[in-house]
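Student: Got a structure for you, questions after.
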Amino acid sequence: MPHLRLLLVHWITGFNLIVLSYFFLGNGIYTILMLLSLRATWVHIRKMAYHGLDALRVSLLTPPVTIIIPAWNEQDVIVNSVRSALRSDYPEFQVMVVDDGSTDDTVDRLVKAFELAPLEGAYQAGIPTAPVRTFYRNPRVPNLVVVSKVRGGKPDALNVGINLCRSPYFCNLDADCLLEHDALLRLMEPIVNSDEETVVSGGILRILNGCETEGGRVLRVGLPRTWLERFQVVEYLRSFLFGRTGWHLLGGTLIVSGAFAVFHRATVIEAGGFSQDTVTEDMDLIVQLHQWAADNHRQIRMSFTSDPVCWTECPSTIRMLAHQRRRWQLGLCQTLWKHSEILFGRKYGIVGWLSTPFHTYVEGLGAAVEFLGYLLVPLAIFLGIVPRGLMLVFILLGFIYGGFLSVGAVLLEELTYRRYPHFKDLMILLMFAILENVGYRQLVLYFRFQGVLKFMKGSRRWEKVAHVGATA
Amino acid sequence: MMNISDPMTRWAFALLVSVVAGTFLLIVVAVFRRWAQIRFLRYVHALRSTFRPYIARALSGNRVAAEINELRELPAADLELLLDPVFSKRKLPARCLGALQSLCEELGLIDLWQNRVANGLAAGTRASGIDSGPDPAALRHLLRAKSIRNLGTLRHCPSWPLLISVLDDRHADIQLVALRALAALGAPESFPVLGERLQAVVQGTAASPPLQGLQAAMASFDLSNAPALRRSLLHPNRTVRFYAAEILRTMVYRHAAQEMDFALTPQSISPALVELLLTKLPEDTNSDVRARTAEVIIFLRDPRTPSLLCRLLEDSQWFVRMRAVRALARLGPAAAPLHSGIRQCAADPHWRVREAAIHTLLSFGMEGVRQVFEQFMHSPDGAVREQILEVMERAGLAKALADAYETASDGTRVDASNGTEAQGLPAVRTKSGAPIHTEFIHRVIPDVTPSRTHRRKTKGATRRQLENDGPRYPSA
Chain A
-14 MPHLRLLLVH WITGFNLIVL SYFFLGNGIY TILMLLSLRA TWVHIRKMAY HGLDALRVSL
46 LTPPVTIIIP AWNEQDVIVN SVRSALRSDY PEFQVMVVDD GSTDDTVDRL VKAFELAPLE
106 GAYQAGIPTA PVRTFYRNPR VPNLVVVSKV RGGKPDALNV GINLCRSPYF CNLDADCLLE
166 HDALLRLMEP IVNSDEETVV SGGILRILNG CETEGGRVLR VGLPRTWLER FQVVEYLRSF
226 LFGRTGWHLL GGTLIVSGAF AVFHRATVIE AGGFSQDTVT EDMDLIVQLH QWAADNHRQI
286 RMSFTSDPVC WTECPSTIRM LAHQRRRWQL GLCQTLWKHS EILFGRKYGI VGWLSTPFHT
346 YVEGLGAAVE FLGYLLVPLA IFLGIVPRGL MLVFILLGFI YGGFLSVGAV LLEELTYRRY
406 PHFKDLMILL MFAILENVGY RQLVLYFRFQ GVLKFMKGSR RWEKVAHVGA TA
Chain B
81 MMNISDPMTR WAFALLVSVV AGTFLLIVVA VFRRWAQIRF LRYVHALRST FRPYIARALS
141 GNRVAAEINE LRELPAADLE LLLDPVFSKR KLPARCLGAL QSLCEELGLI DLWQNRVANG
201 LAAGTRASGI DSGPDPAALR HLLRAKSIRN LGTLRHCPSW PLLISVLDDR HADIQLVALR
261 ALAALGAPES FPVLGERLQA VVQGTAASPP LQGLQAAMAS FDLSNAPALR RSLLHPNRTV
321 RFYAAEILRT MVYRHAAQEM DFALTPQSIS PALVELLLTK LPEDTNSDVR ARTAEVIIFL
381 RDPRTPSLLC RLLEDSQWFV RMRAVRALAR LGPAAAPLHS GIRQCAADPH WRVREAAIHT
441 LLSFGMEGVR QVFEQFMHSP DGAVREQILE VMERAGLAKA LADAYETASD GTRVDASNGT
501 EAQGLPAVRT KSGAPIHTEF IHRVIPDVTP SRTHRRKTKG ATRRQLENDG PRYPSA
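Those sequence lines, one after another, are chains A and B. Number 116 in the numbering used here belongs to position 131 of the first sequence; there are no gaps in the numbering. Number 227 in the numbering used here belongs to position 147 of the second sequence; there are no gaps in the numbering.
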């Protein structure tokens, strides 16, 4: 028995050290990202005063863009999403909806709303895809085309869009998203004004739930009513305003939201297009592009700016949230596993030495470490392996540090974009930023842990999140 | 319960307290910021509601001396706040521009902006006492950028030498704003200077300003400045020549979009440049330059143009052929002598040239459509037929194509069927006389496997080749 206890003590002590390293590494890097983003976003927002979007709008050098909207059973939201895309303030663009074999009225609703007529068309699969069935067009809406294809998954639908688009850049847009009218122009600004080869440009996703919309346009920005959605607002602010901005500043972008991002078409084709191997095709493509660039000795740039805004629905029920988070975690693990050679790969620079290790350890394995920590730390205290007081202080520190980071994100929003107009909104956001770490974070952690388990089981199932119709 | 004398616990406790204090501080800053912002917005609102009518009257030409005097007494920062909505407008009406210029001059704003740009000093800070952010001196380059933008919006031409000097600023965004301002000014004297900059940047003898911004700025100038590009077009460096050709092309296309029946004449761009376009540039060793030249010479009403274009249609580089054939769509019926060349392009090995050629033929009206039909029926190449079908589908003419194909089945069709059968394509025969649109496509398209393979090969061309369709990167 003493031997067993000794083993247990060693094991739990070792695990506690892992938890501590996870705590310091994760929070340390998040704090650095926050400080970097604070300065960069502050300057960026002030630059908006002379950003020259008008020059971009009238310039003949602004390249055309195709907005690709993959859709599968999106009948409730697709029409408004397309309307918002068609309203984009951009010199030359085309909207291409790729219906991925919907079994509902997605295509019918589009046909009715935009008076489309079917056309049999030839299709060349540069990137291999499932067969395309029909094209729909309306000569009076020349920049809209709807393509109906056999079901093959979201990456497949995106690849069809890439095969069909004729512009040098394309923009992914999820069917439940509404674009702000100048979002595309803002997204292209870093591409056009950069002398480097910018192959990806990502923007920010904001939560649509609680906003007042009409015909694909956001009329009034507001906070959602339920606690679950409000927590997600804070989470999105943290993730986009300082997570992605910070990684972009460090040159270690590993995630660009596939719901809204612009890609250079020829580069994506050369890198092999969207892959079906993972359930997060967006992250997979970004990592694939890093790998491709390093293998081919190409200098590419991936940009992230937080002012191009795309509004998206967030899950409004715990069940849907569980679907979403399990899938994200599963996709993260799958992608990191698939591209594991990047990890500490010399030729991958910041991506190989900082970004990938961080995502692997803190974002990927961290879900399991933190989840098990909630079980084993109390056990360690109970067994008297660690000093009770010290451990309690650390647990408290863990909660409060999370709150500190979330409040930092709300402050960043306040210093820059201030999208939520009322004083009351700010107070609510601050309150939810603090409360997020008690209850909500643990709930999400549980779903993330399930995602890790699914990865270990080898699951590849895509869990669809049903929309409540905030876009509708 | 807690042993605070333990150094580790003490350390952790100190960390906890500092994080709590930090969180509290962030909350205070966020609330204070919102409060300050509300105050600031109220102040701006009050300022604008009092003085906006003055500005509006001054801009509409009904200036009242007493009102101008009152405005003159306002701090510069308040004046900028008042005028900011005017400067943020996309385009100022021409009638307002003169009035705005004289108003800014009278209020001393032009001097202020020029001083800021020249000295890099935050000459005018928020004198109103309303704190809405950090000390502007800390963001000095942002103030300078705004001043440069304002000088550009005002079209204050005497400022161009100052703006040129800003191109060496250490902030890249200041350089970009200066370029935009120079483009807005459009001062002819600045164009050759920018041309020299272009050469220096491309050759690496100057690090600034950013090439893309410089290109965009130069392309925004009036076409009458084009003769100044001649030196760059003759430059020994192939990349300089490419950028110059691209700038010229952009200038020409912008004018063409504004004017019906636009034509380039020796008077508009100088005889020397016309000669250069018709002699040296179509033979340039840089294929990107040849491609751009094809798109420009199409606007020259010169007897040498058709033969030059004919040569460019047979260029060794696919993107030169593509741009040449695309450009021909602008000629309309005048392109009749070149129809055979265009038809050749419709059977080009590169699918993008084929696509462009079919589009061009279709743009010629019925005659063009007839030629496309003929090409479809007589071409032995499955890839060509497939491409034609695809373009016809997009144009909504596939049914007509199918009908024509069937009608000709006993006559001209014979040759085509021979060819297709030789390739393993089944001959399409109408049995019932019913519309065969879908059946037609499904029978023709799936059987063109050899050409698909070929086409995929060309699609998999290197990125650099693909890039040549876009204006951004030269192949040089």
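Each residue gets a CB set at the ideal place from its N, CA and C atoms; glycine is no exception.
Please classify B/Trp398 as buried or exposed, where buried requires at least 16 neighbouring CB atoms within 10 angstroms.
Tutor: Counting from one through the second sequence, the residue named residue 398 of chain B turns up at place 318. Buried is the call here.
Student: So which residues on chain B does A/Leu226 lean against when the C-beta distance must stay under 7 Å?
Tutor: By 1-based counting over the first sequence, the position of residue 226 of chain A is 241. Near A/Leu226 there are no residues of chain B at all, since even the closest Cβ is about 13 Å away, more than 7 Å.
Student: Indicate whether at least one CB of chain B lies closer than 9 Å to the CB of A/Pro372.
Tutor: For the purposes of this step, residue 372 of chain A is taken as the residue at position 387 of the first sequence. Answer yes: the Cβ-Cβ gap between A/Pro372 and chain B drops below 9 Å somewhere.
Student: In the DSSP assignment, find the beta strand (DSSP E) that holds A/Phe367 and state where it starts and stops.
Tutor: As a first step, residue 367 of chain A must be located in the first sequence, where it is residue number 382. Per DSSP, A/Phe367 belongs to no beta strand (DSSP E); it is in the alpha helix (DSSP H), 351 to 368.
Student: Output the distance between the C-alpha atoms of A/Gly443 and A/Arg286, rounded to the nearest integer angstrom.
Tutor: Within the first sequence, residue 443 of chain A is the residue found at index 458, counting from 1. Within the first sequence, residue 286 of chain A is the residue found at index 301, counting from 1. Approximately 33 Å between the Cα atoms of the pair.
Student: Could you tell me the distance, in whole angstroms, from the CA atom of A/Leu163 to the CA atom of B/Phe131?
Tutor: Your numbering for residue 163 of chain A matches position 178 in the first sequence. Your numbering for residue 131 of chain B matches position 51 in the second sequence. C-alpha separation (whole angstroms): 38 Å.
Student: Using DSSP with H/G/I as helix, E/B as strand and the rest coil, what is B/Lys360?
Tutor: Your numbering for residue 360 of chain B matches position 280 in the second sequence. It is coil, neither helix nor strand.
Student: Where in the segment 24 to 85 of chain A do unbroken runs of the beta strand (DSSP E), each at least 3 residues long, occur, reported from the N-terminal end onward?
Tutor: List check, beta strand (DSSP E) in window: 50 to 56, 78 to 85.
Student: Mapping DSSP to helix, strand and coil, what is B/Phe104?
Tutor: Taking the second sequence and counting its residues from 1, one reaches residue 104 of chain B at position 24. B/Phe104: helix per DSSP, three-state reduction.
Student: What would DSSP say about B/Ala409, mapped onto helix, strand or coil?
Tutor: The residue given as residue 409 of chain B occupies position 329 in the second sequence. It is coil, neither helix nor strand.
Student: Tell me the residue span of the beta strand (DSSP E) that contains A/Phe120.
Tutor: The residue given as residue 120 of chain A occupies position 135 in the first sequence. A/Phe120 -> beta strand (DSSP E) spans 117 to 122.
Student: Give the DSSP bridge partners of A/Arg205, in chain order.
Tutor: The residue labelled residue 205 of chain A in the question sits at position 220 within the first sequence. According to DSSP, A/Arg205 bridges with A/Glu197.
Student: Of all Cβ atoms in chain A, is any one closer than 9 Å to the Cβ of B/Ala514?
Tutor: Mapped onto the second sequence, residue 514 of chain B falls at position 434. Because the pLDDT at B/Ala514 is just 34, under 50, the model does not fix this residue reliably, and the point stays unresolved.
Student: Starting from B/Pro87, find everything on chain A with Cβ-Cβ shorter than 9 Å and list it in chain order.
Tutor: The residue you call residue 87 of chain B lines up with position 7 of the second sequence. Correct list: empty, because the minimum Cβ distance to chain A is about 10 Å.
Student: Assuming B/Ala407 and B/Ile422 make a contact with CB atoms under 8 Å, what is their CB distance in whole Å?
Tutor: As a first step, residue 407 of chain B must be located in the second sequence, where it is residue number 327. As a first step, residue 422 of chain B must be located in the second sequence, where it is residue number 342. B/Ala407 to B/Ile422, Cβ: 11 Å. No contact.
Student: In this structure, does DSSP put B/Phe301 in helix, strand or coil?
Tutor: In the second sequence, residue 301 of chain B corresponds to position 221, counting from 1. Here B/Phe301 sits in coil by DSSP.
Student: Cα separation between A/Arg72 and A/Glu165?
Tutor: Translated into the one-based positions of the first sequence, residue 72 of chain A becomes position 87. Translated into the one-based positions of the first sequence, residue 165 of chain A becomes position 180. Those two C-alpha atoms are separated by around 9 Å.
Student: In this structure, does DSSP put A/Cys150 in helix, strand or coil?
Tutor: Walking along the first sequence from the start, residue 150 of chain A turns up at place 165. In this structure, A/Cys150 counts as coil in the three-state DSSP scheme.
Student: Pull the bridge partners of A/Ala246 from the DSSP assignment, please.
Tutor: Taking the first sequence and counting its residues from 1, the one referred to as residue 246 of chain A is at position 261. Paired residues: A/Asn157, A/Gly187.
Student: Determine whether the beta carbon atoms of B/Asn230 and B/Leu189 lie at a separation below 9 Å.
Tutor: Residue numbering aside, residue 230 of chain B sits at position 150 when the second sequence is read from its first letter. Residue numbering aside, residue 189 of chain B sits at position 109 when the second sequence is read from its first letter. Result yes, Cβ atoms of B/Asn230 and B/Leu189 sit closer than 9 Å.
Student: Mapping the DSSP letters down to three states, classify B/Leu314 as helix, strand or coil.
Tutor: For the purposes of this step, residue 314 of chain B is identified with residue 234 of the second sequence, where counting begins at 1. Three-state DSSP puts B/Leu314 in coil, outside helix and strand.
Student: Near B/Val97, which residues of its chain fall below 7 Å by C-beta distance, leaving aside the five closest residues on each side in sequence?
Tutor: Counted from its first residue, the second sequence places residue 97 of chain B at position 17. There are no such residues.
Student: What is the C-beta distance between A/Leu213 and A/Glu398, in whole angstroms, given that I count them as a contact (C-beta under 8 Å)?
Tutor: Counting from 1 along the first sequence, the entry for residue 213 of chain A is found at position 228. Counting from 1 along the first sequence, the entry for residue 398 of chain A is found at position 413. 20 Å between Cβ atoms; not a contact.
Student: Give every residue of the same chain whose Cβ lies closer than 7 Å to the Cβ of A/Asn144, excluding the five residues on either side of it in the sequence, and list them in chain order.
Tutor: Counting from 1 along the first sequence, the entry for residue 144 of chain A is found at position 159. Cβ within range, chain order: Ile112, Thr114, Gly258, Phe259.
Student: What in chain A is Cβ-close to B/Ala225, meaning under 7 Å?
Tutor: Translated into the one-based positions of the second sequence, residue 225 of chain B becomes position 145. Within 7 Å Cβ-Cβ: Tyr35.
Student: Does the distance from the CB of B/Ile228 to the CB of B/Leu274 come in under 9 Å?
Tutor: Here the question's residue 228 of chain B lines up with position 148 in the second sequence. Here the question's residue 274 of chain B lines up with position 194 in the second sequence. Against a cut-off of 9 Å, the Cβ pair of B/Leu274 and B/Ile228 comes out as no contact.
Student: Go ahead and pull the three-state DSSP assignment for B/Arg220.
Tutor: For this step, residue 220 of chain B is matched to residue 140 along the second sequence. Three-state DSSP puts B/Arg220 in a helix.
Student: Tell whether a beta-carbon distance below 9 Å holds between A/Val80 and A/Val130.
Tutor: The residue labelled residue 80 of chain A in the question sits at position 95 within the first sequence. The residue labelled residue 130 of chain A in the question sits at position 145 within the first sequence. Contact: yes.
Student: So if I threshold CB-CB distances at 9 Å, which residues from the segment 290 to 301 of chain B count as touching chain A?
Tutor: From the segment 290 to 301 of chain B, only Pro290, Leu291, Gln292, Gly293, Gln295, Ala296, Ala297, Ala299, Ser300 have a Cβ closer than 9 Å to chain A.
Student: Quick one: is B/Thr345 buried, meaning 16 or more other Cβ sit within 10 Å of its Cβ, or exposed?
Tutor: The residue labelled residue 345 of chain B in the question sits at position 265 within the second sequence. Result: exposed.
Student: Since I believe B/Val282 is in contact with B/Val320 (beta carbons under 8 Å), could you give me their beta-carbon distance rounded to a whole number of angstroms?
Tutor: Translated into positions along the second sequence, residue 320 of chain B becomes position 240. Translated into positions along the second sequence, residue 282 of chain B becomes position 202. Correct: roughly 5 Å between the Cβ atoms.
Student: Counting only Cβ-Cβ distances shorter than 8 Å, please list the residues of the segment 388 to 401 of chain A near chain B, keeping chain order.
Tutor: Residues Gly388, Phe389, Val392, Gly393, Val395, Leu396, Glu399, Leu400.
Student: When the Cα atoms are used, what is the spatial distance from B/Leu303 to B/Thr330?
Tutor: Start at 1 with the first residue of the second sequence, and residue 303 of chain B comes out as number 223. Start at 1 with the first residue of the second sequence, and residue 330 of chain B comes out as number 250. Each residue's alpha carbon lies about 10 Å from the other.
Student: What residue from B/Glu276, B/Arg196, B/Gln255 has the CA that sits closest to B/Ala156's CA?
Tutor: Taking the first residue of the second sequence as position 1, residue 156 of chain B is located at position 76. Measuring from the Cα of B/Ala156, the nearest candidate turns out to be B/Arg196.
Student: In whole angstroms, what is the alpha-carbon distance linking A/Asp269 and A/Thr263?
Tutor: As a position in the first sequence, residue 269 of chain A is number 284, starting the count at 1. As a position in the first sequence, residue 263 of chain A is number 278, starting the count at 1. Rounded to whole angstroms, A/Asp269 to A/Thr263 spans 7 Å at the Cα level.
Student: Who are the neighbours of A/Val378 on chain B, taking C-beta pairs under 7 Å?
Tutor: Along the first sequence, one-based indexing puts residue 378 of chain A at 393. Those are Thr89, Ala92, Phe93, Leu96, listed as they occur along chain B.
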